[in-house]
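Here's the structure we're looking at; comments come further down.
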Amino acid sequence: MNIGTAAEQSGLPPKTIRYYEDIGLLRPDRADNGYRDYSMADVHRLRFLQRSRSLGFSVEECRQLLSLYGDKERESADVKAIAEAKLAEINRKLAELAGLRDMLRHLADHCNGDDRPDCPIIDGLAGHGTVQ
1 MNIGTAAEQS GLPPKTIRYY EDIGLLRPDR ADNGYRDYSM ADVHRLRFLQ RSRSLGFSVE
61 ECRQLLSLYG DKERESADVK AIAEAKLAEI NRKLAELAGL RDMLRHLADH CNGDDRPDCP
121 IIDGLAGHGT VQ
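Residue numbering for the sequence shown follows the UniProt record's numbering, beginning at 1 and increasing consecutively.
Shown next as structure tokens:
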């Protein structure tokens, strides 16, 4: 199938499919005319990549997962290790975001929001005063 059909069936834009090919995540066959010729197996790999990326896996993590996906001798422990590492990263980012939210909430709570120029938000961003 051509790239347009593969894009429709995978839910990915042709530009993304070409990018995945450029970085070696996908290697479609070539037709006699030189055009890419995608198989259903390629579409399955593209869907796999799309779902992996939507879960926050990096391109390199997707490369590892795709390798495991194609390895019928894989150990599920290898897949689980990648997933657990991603979970730890997500939890770290969530904690970081919660800290940012709390700091911004503290600054906003201490700002009168009136017509005076005094503003703890500006002071906090400028490094003046106490940012907790």
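Each residue gets a CB set at the ideal place from its N, CA and C atoms; glycine is no exception. Keep in mind it's a predicted model, so treat the numbers as computed, not measured.
Problem set entry | Host alpha helix (DSSP H) of cysteine 62 (start-end) | Per DSSP, the continuous alpha helix (DSSP H) segment holding cysteine 62 begins and ends at 59-69.
Problem set entry | Nearest candidate by alpha-carbon position, reference residue 141, set Ala98, Ser52, Leu100 | Because the chain is modelled from 1 through 132, residue 141 falls outside the range shown and cannot be assessed.
Exercise. If you run the structure through DSSP and keep just helix, strand and coil, what is arginine 18?
Worked result: Under the three-state reduction of DSSP, arginine 18 is assigned to helix.
Exercise. When you compare each of Ile23, Thr16, Arg36, Pro120 to asparagine 2 by their alpha carbons, which one comes out closest?
Worked result: Among Ile23, Thr16, Arg36, Pro120, the Cα nearest to that of asparagine 2 is on Arg36.
Exercise. Is it a yes or a no for the segment 36-49 touching the segment 5-25, going by three-plus beta-carbon pairs under 8 Å?
Worked result: These segments touch.
For this session: Return the CA-CA distance between residue 133 and glutamate 89, expressed in angstroms with no decimal places.
Result: A question about residue 133 goes unanswered here, because the residues of the chain that appear run from 1 up to 132.
Problem set entry | 9 Å Cβ cutoff met for leucine 66 and leucine 25 | One thing to note: leucine 66 has its Cβ within 9 Å of the Cβ of leucine 25.
Problem set entry | Rounded C-alpha distance that separates glutamine 64 from arginine 92 | If you draw a straight line from the Cα of glutamine 64 to the Cα of arginine 92, it comes to about 22 Å.
Exercise. Could you give the distance in angstroms between the alpha-carbon of glycine 127 and the alpha-carbon of alanine 41?
Worked result: Approximately 55 Å between the Cα atoms of the pair.
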